[in-house]
Structure formats: C-alpha cells, structure tokens
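Residue numbers are given in numbering that gives the first Met the number 0: position 136 of the sequence shown equals residue 135, and the series is strictly consecutive.
All residues carry an ideal CB built from backbone N, CA and C; glycine is no exception.
Everything numeric in this text was worked out from a predicted model, so none of it was measured.
Below is one structure, written out as structure tokens, with a few remarks after it.
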Amino acid sequence: MNWDEYSDWGKYIAEWGANYHKTLADQPVRPETKPGDITAQLPASPPDNGEGMDAIMADFNAVVMPGMTHWQHPRFFAYFPANASPPSMLAEMLVNTVAAQCMLWQTSPAATEVEGVMIDWLRQALGLPEHFTGVIQDSASSATLSAVLTMRERSLKFTGNRDGLSGKGHLRIYCSDQVHTSIDRACWVAGIGQQNLVKIPTTGPHFGIDVAALKKAIADDKANGYIPAGIIAITGGTSIGACDTLGPVLQVAKQEDIYTHLDAAWAGSAMICPEFREAFWEGVEGFDSIVFNPHKWMGAQFDCSVQFLADSTPQLNTLKIEPEYLKTSGEAVTNYSEWTIPLGRRFRALKIWFLIRTYGLAELRERIRNHVHWANEVCEKIGAIEGFEITTDPILSLFSFRCPGDDDTQQRLTDAINKDGRIYLTQTLHENRKVIRLQVGQFDTTRDQVLMAADVIKDVWKEIQ
Ligand SMILES: *Cc1c(COP(=O)(O)O)cnc(C)c1O
C-alpha cells in the first residue's frame, strides 16, 4: 500500500466511523453470533498473494461487524463503560501514525513531557495533593501488579528481586472481599499466593472493609509470624460498586507501616466532580499508590490507566533496571519505562490532552453527573416494577436488582434481556444471591436511552412469564 492509498482509505474509514456512531442506537447492542460463526467465514490459511483494500474492507463489513458487541452503544449497561470519545480517537490516529516507543525521555521527549503534564492535570482534576506524581500504564491490572511487587520488595527490604522468595517467610496482603480479581492475580504472579491475600468482610451502606476486622487480622498474622506487606483498598468495586472508608483504613496502615494501594479503576473518573469526594474519596491523600482508568468512564480510548504515586522511589527501586543499551547521557530526565513492567510504551498521554482540551473539565463533569442522576432515575423505575427488588442502591451510577423468583430466574431474565438486544447488562453474585447489575456511563448516552432500560426489562419480564 502506498501513502496515497493510505490517505484515501483513511478518509473512507473516518467517514465510516462517523456513520457507525450516528446509526449505532438503531442496532442491537449485542450480535446474535454463535461460537464458531466468524471462524467459519474466515479462510483457514493466509493468502499467498496480496489483496486490495476493497476486498478486505468488504469482508470487514460482511464478516466482522455483524459479530461485534457494541461497547459504544448508548444502551450498553453491562460491566463498566469503555468510552472512546471522538477527540481521543483522533489522538490515537496520530499516535498510531507516528508510532514512537516512549520508554525513555530520549526515545520520545515530547511524549514523556506531555505524560508528566497530563498526570499533573489529572492529579488536580481528581483533587489529589501536589506530592503525587505518576505514570500511565496499559491497564489497572498492570498498575496493581506494580504496586503489589512494590509491597513485596519494600517489606523484604528490597531483597526479593535479588534473592528470590524462598525462605523469606509469608508475606500478607489485605483487602476487602469486594476487590477485583486483578488483585488476586497480582498476588499470584508476585509470588505471594492466594492464601496470603487476606479478604476481610465488609460493612456499612457502601460495603466498605470492616476496619476492626482488618486490624485484628493484621495483629493475628503478626502473632503467627506472617509479614504484613500491603493493604489494597477499593473505591468502586466491580460487582456492586463497593467503597472502603479510606481514612480509617489508612490509619491502620500508618500505625503498622504498611504500603497502601487504592483501586479506583472505574470510580476514579467520577472524582473530577468535587461533590462525590466527601462520600467516596476522603482520606485518599494518604495512599502510597492509586490507580484509575480514564479508559473507562472518562472518555479516553482504551488503553489508558493512570497510576499515581505519593513517592515514586519504592516502585523505582522495585522495577527500574538500566542496562548499558538503555543508558542515556545528559541531564536528569524521567524515563517512564523504569516505573512499569513492560519496556515498550505507547504515547497514551496524547488522548488525555485532546480529550480534556476538547471538552474541558466542566463538560466531562456534566456527563458523569448526568450518568449518576439517570442511574438513580432508572433504578427507581425498575424498583417500581411489580415484585422487583433493588438489592444494592446506586453507588455513583451502579446498582443491582432482582426480579421475583430464584437465582435461575435471575439468569433467565438476564439472558432473555440480552437476547432481546435493545439493552445489554450482566449478573453478579451479592451476599450469595444472584443479582442483575446495571451501570450507566456510556459517553454519549441520553436520559431517554437510559430510562428505556426499565421499559425493556418490564417487557421482557412479561414475555418470560
Ligand atoms: C475494570 C477494573 C479493573 C481492571 O481494569 P483493567 O484496566 O482492565 O486491568 C480493576 N479494578 C476495578 C475496580 C475495575 O473496575
């Protein structure tokens, strides 16, 4: 392909993208694809001779698109949002075009410096104090793994990487039973082990960690010769939006000199609205590490996960490695690959810059406020359907409910709703019962689209009686 053809197809695809978005609300959120449907339409072997873009694009439209779930659909209420706002998409086109590796300042000076400034813009936007710096990672899972490795090394006086872990004793990490599985997996691969991830029950209206039980678990562990290495708190759990009370958790951590990490992957974006900070963010300033995903609710195209660090030294002491071929001479600079596990890095800060400049924080806040407001409205409508029960009240824009009947009925209703195609949502387990969860957060959704969810649920419920 030559660059003139690239330019023509680039224009075609930009136009295709605009049409896709303009007509998305008329499509079902999920396709009716069955496992194997797409594979059956693809040639089993690669072509020997090249094909034209016409043929490739025709197959994309005929084979691929009918098998896609539409995450940008205004009636996507499942999981959490993965918003790709138009300015962030444009930034990604530029990043893909320049295709630089941003591992060192020298390999991408502008990308490094834009990243530093964007981290600081986001720090201010989320109401964090000035001492926080940070780094943009690919995912919250990677940021949490970096934090867990730092917990491990700090508690072993930075000897684990050198010596390996055998004979070092049992490290313990504490969290509530509402955390995301990325925390379990971080403990697996950091060599800490599932058994040493201590999950504490929750209490209160936001299902926060029981601080007295946390204190007791740490004291018991110390008495039994375990080494407390870290506490991981959560603001906005994936299942029903659980939020720890951060101040009291930190008090325990400071007393025991334990490293702390806060997972706010989803809910962090809502903290650009100052009115949510009192209920969900109080005490955040004392954490050692905080992760939030602008690629979820804020509108930055995947992937884009920000890890804030109160002091970057422990993480650098854990992850930094500097072979001769990566040394650069000259003045002291930030080399972000020393803060993370992968060496190669994309220029992820550009989409944050485009996003925040296009909308301004005021408009981004407005979107999130609307989502929270509409979630409360649709929750009320669903609660009013005969026999339906709201099982967890909205925490920000996420709530859960049950229809009359047993767990199998909840699953049957969820499946029937998703087969209907007008909306998409998923189930979870809460207090040992199956519940249906609904979150509002799609970037361009409207009040009508959100309220329609209650009508669809009511219709489908009638149909399956
Ligand atoms: C989505 C989510 C994660 C995982 O995020 P990735 O960026 O996909 O790794 C972790 N924690 C919470 C609370 C989440 O909502």
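Beta-carbon proximity list for residue i, same chain, < 7 Å, skipping 5 on both sides
i, result
"Asp-392", "Phe-398"
"Thr-132", "Ile-118, Leu-308 and Ser-311"
"Gln-300", "Ala-83, Ser-87, Met-88, Glu-91, His-294 and Lys-350"
"Trp-443", "Checking the sequence shown, residue 443 turns out to be Asp, not Trp. Closer than 7 Å at Cβ, skipping near neighbours: Pro-73."
"Glu-281", "Leu-245 and Gly-246"
"Ala-216", "Tyr-173, Val-197 and Ile-199"
"Leu-342", "Met-102 and Ser-336"
"Leu-170", "Arg-151, Ser-154, Ile-191, Asn-195, Ile-226 and Ala-228"
"His-205", "Ala-241, Cys-242 and Ile-394"
"Lys-319", "Glu-337"
Residue i: first and last residue of the uninterrupted beta strand (DSSP E) it sits in
i, result
"Arg-436", "432-438"
"Tyr-173", "170-175"
"Ala-232", "226-233"
"Ser-304", "304-308"
"His-429", "425-429"
"Leu-164", "No beta strand (DSSP E) holds Leu-164; DSSP gives it neither H nor E."
"Asp-392", "388-394"
"Leu-196", "196-199"
"Ser-268", "Careful: Ser-268 lies outside any beta strand (DSSP E) and carries neither H nor E."
"Ser-288", "288-291"
"Thr-421", "First, the amino acid is wrong: residue 421 is Arg here, not Thr. It is not in any beta strand (DSSP E) - Arg-421 carries neither H nor E in the DSSP assignment."
"Ser-399", "397-401"
Cβ-based neighbour list, residue i, same chain, cut-off 8 Å, excluding 5 preceding and 5 following
i, result
"Arg-401", "Phe-387, Glu-388, Thr-390, Gln-409, Arg-432, Lys-433, Val-434 and Ile-435"
"Gly-298", "Asn-82, Ala-83, Ser-84, Ser-87, Leu-354, Tyr-358, Leu-363, Arg-366 and Phe-442"
"Val-377", "Leu-437, Val-439, Val-449, Leu-450, Ala-452 and Ala-453"
"Gly-382", "Glu-388, Ile-389 and Phe-400"
"Ser-304", "Ile-135, Gln-136, Asp-137, Ser-138, Ala-139, Ser-141, Ala-142, Ala-264, Val-290, Phe-291, Asn-292, Pro-293 and His-294"
"Glu-321", "Glu-337"
"His-130", "Ala-309 and Asp-310"
Boundaries (first-last residue) of the alpha helix (DSSP H) holding residue i
i, result
"Lys-457", "446-462"
"Thr-312", "312-318"
"Glu-152", "139-154"
"Tyr-5", "2-22"
"Tyr-258", "Taken as a continuous stretch (DSSP letters only), Tyr-258 belongs to no alpha helix (DSSP H), being part of the beta strand (DSSP E) at 258-262."
"Pro-465", "Since the displayed the chain opens at 0 and closes at 464, residue 465 lies outside it and no answer follows."
"Phe-279", "276-279"
"Ile-135", "Run containing Ile-135: none in the alpha helix (DSSP H); it sits in the beta strand (DSSP E), 132-136."
"Glu-365", "348-382"
"Leu-472", "The question about residue 472 has no answer here: the residues shown for the chain are numbered 0 through 464."
"Arg-122", "108-124"
"Ala-90", "85-97"
"Ser-181", "180-188"
"Ile-55", "52-58"
"Met-221", "Going by the sequence as given, residue 221 is Lys instead of Met. Segment 210-222, the alpha helix (DSSP H) holding Lys-221."
Buried versus exposed call for residue i [16 or more other C-beta atoms within 10 Å across all chains shown]
i, result
"Ile-367", "buried"
"Tyr-324", "exposed"
"Gly-159", "buried"
"Arg-446", "exposed"
"Ile-208", "buried"
"Pro-46", "exposed"
"Glu-277", "exposed"
"Trp-2", "exposed"
"Leu-395", "buried"
"Met-67", "exposed"
"Asp-53", "exposed"
"Ile-191", "buried"
"Pro-313", "buried"
"Gln-254", "exposed"
Any non-hydrogen atom of ligand 3 closer than 7 Å to residue i Cβ
i, result
"Asp-262", "Of the ligands one can find in the structure shown, namely ligand 1, none is ligand 3."
Same chain only: Cβ atoms within 6 Å of residue i, ignoring 5 sequence neighbours per side
i, result
"Val-283", "Leu-245"
"Gln-306", "Gly-133, Val-134, Gln-136, Ala-142 and Val-290"
"Lys-457", "Ile-384"
"Ser-238", "Thr-427"
"Pro-403", "Gly-386"
"His-260", "Ala-146, Ile-231 and Ser-288"
"Phe-286", "Thr-259 and Leu-261"
"Leu-249", "Gly-282 and Gly-285"
CB contact check: residue i to chain B, cutoff 8 Å
i, result
"Gln-448", "Included in the structure is just one protein chain, with no chain B present."
**Q.** the region 147-167 / the region 345-359 touching (three or more Cβ pairs under 8 Å)
**A.** no
**Q.** Inter-stretch contact (C-beta, 8 Å, three-pair minimum) for the region 319-339 and the region 68-85
**A.** no
Q.
Three or more C-beta pairs under 8 Å: does that hold for the region 139-155 against the region 172-192?
A. yes
Q) Do the region 94-111 and the region 369-381 touch if we need at least three Cβ pairs shorter than 8 Å? A) no
Q: Would you check if the region 266-279 and the region 47-63 touch, i.e. whether three or more CB-CB distances between them fall below 8 Å?
A: no
(Q) Count Cβ pairs between the region 27-34 and the region 409-428 that sit closer than 8 Å; are there 3 or more? (A) yes
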